[in-house]
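Going down the list, the protein sequences come from chains S and F.
For the first sequence, this note's numbering begins at 21 and goes up steadily by one.
For the second sequence, this note's numbering begins at -14 and goes up steadily by one.
Glycine is no exception: its CB is placed at the ideal position from the N, C-alpha and C atoms.
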Amino acid sequence: MEITAIYYLVPALIMFCCGVYGFITRKNMIAMLISLELMLNAVDINFAVFNRFLWPGQLEGMFFTLFAIAIAAAETALAIAIIINIFRAAKNIDVRSLNEMKF
Amino acid sequence: MESVGSIILYLIVALSMIVFSVAAVTTRKILRAATYLLFTLFAAAAVYFMLDYEFLGAVQIAVYAGGIVVLFVFAILLTSKPGDNTEKLTSKSRFLGFVAAIATLLIAGYALVSRCAQLFQPKPEMVTPDMETVGQTLMGTGAGEYLLPFEAVSVLLLACIIGGVVVARKR
């Protein structure tokens, strides 16, 4: 058996779909953030796989993944700060019940 | 032709990636979801190692497993009691989630299958990028070198630090 690009892309695709499912069904904000991380990681794997299999002499995909990891870290830190602030104000991080700022 | 060991390693990594990512979005205890996310991230790091991007795998373990998951666990313990179950899903939201996930799977799967001729090529030879190459590429200003994004990310991280302090501070 030869391990080709598709063998890496299919698990990443399933991981992305799990992220989509979790992002829609979850109500807890942190659980939604976890689903978001799943999606981001699936896309990062895709960048690395395409770089490795289609253009092995270059490093574009690898560096895109590197910057995506850095930006994802910043985004998660800020999102968790916001979530903790919301929890302090509303004692609750359930997105369905946080509707006071709507109008 | 791959060796038997690398095929077994691949099977373990792919299966754990699929199983743990499904478990992370279906478990009802939030702390367990974070733990399953950690295992999925380790599987992603293993994929990077298998693709010969050793620096990327190390960054993935250091930043995600070492930083982000710890942050998640802190936030979970601050905002919910451990052992709490989330309430059961309504069938409507589960149906919506299934439809969206299956639609994504079909569209992306169709895109994969319709362009799959290149995706069945064996892995081409590559020199593993060593630290010197990575550093030169990250710090250079020529074509295909990334000094400007590197500086932009450093400004972004500074903004993120300030934003985190300002948002989470007690009034």
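Item	Value
Pull out every residue of the stretch 79 to 93 of chain S whose Cβ sits closer than 8 Å to any Cβ of chain F, in chain order.	L79, E80, M82, F83, T85, L86, F87, I89, A90, I91, A92 and A93
Where S:I3 and F:S76 are concerned, what is the direct C-alpha to C-alpha distance, given to the nearest angstrom?	Chain S is shown from 21 up to 123; residue 3 of chain S falls before or after that span and cannot be answered.
At a cut of 8 Å, does the stretch 57 to 65 of chain S reach the stretch -13 to 0 of chain F through at least three beta carbon pairs?	no
From S:R108 to F:Y(-5), what distance separates their C-alpha atoms?	44 Å
Examine chain F for any beta-carbon lying closer than 7 Å to the beta-carbon of S:I34, and answer yes or no.	yes
So does the stretch 87 to 95 of chain F actually touch the stretch 27 to 41 of chain S, counting three or more Cβ pairs closer than 8 Å?	yes
To the nearest angstrom, report how far apart F:R17 and F:A9 are at their CA atoms.	7 Å
Keeping to the same chain, check which residues put their C-beta closer than 7 Å to that of S:L29; ignore five residues upstream and five downstream.	N66 and V69
Just the Cα atoms here: how many angstroms apart are F:S65 and S:K47?	13 Å
Do you know offhand how far F:V(-2)'s Cα is from F:K155's?	43 Å
Going by C-alpha distance, which of S:F36, S:I23, S:E22 and S:M21 is nearest F:G94?	S:F36
Indicate whether S:A93 and F:G149 have their beta-carbon atoms separated by less than 7 Å.	no
What are the residues in the stretch 68 to 79 of chain F lying within 8 Å of chain S by C-beta distance?	T71, E72, L74, S78 and R79
In this structure, does DSSP put S:N112 in helix, strand or coil?	coil
Name the chain S residues whose beta carbon is nearer than 8 Å to that of F:E110?	P76
Buried or exposed: where does S:N71 fall if 16 or more other Cβ atoms within 10 Å of its Cβ makes it buried?	buried
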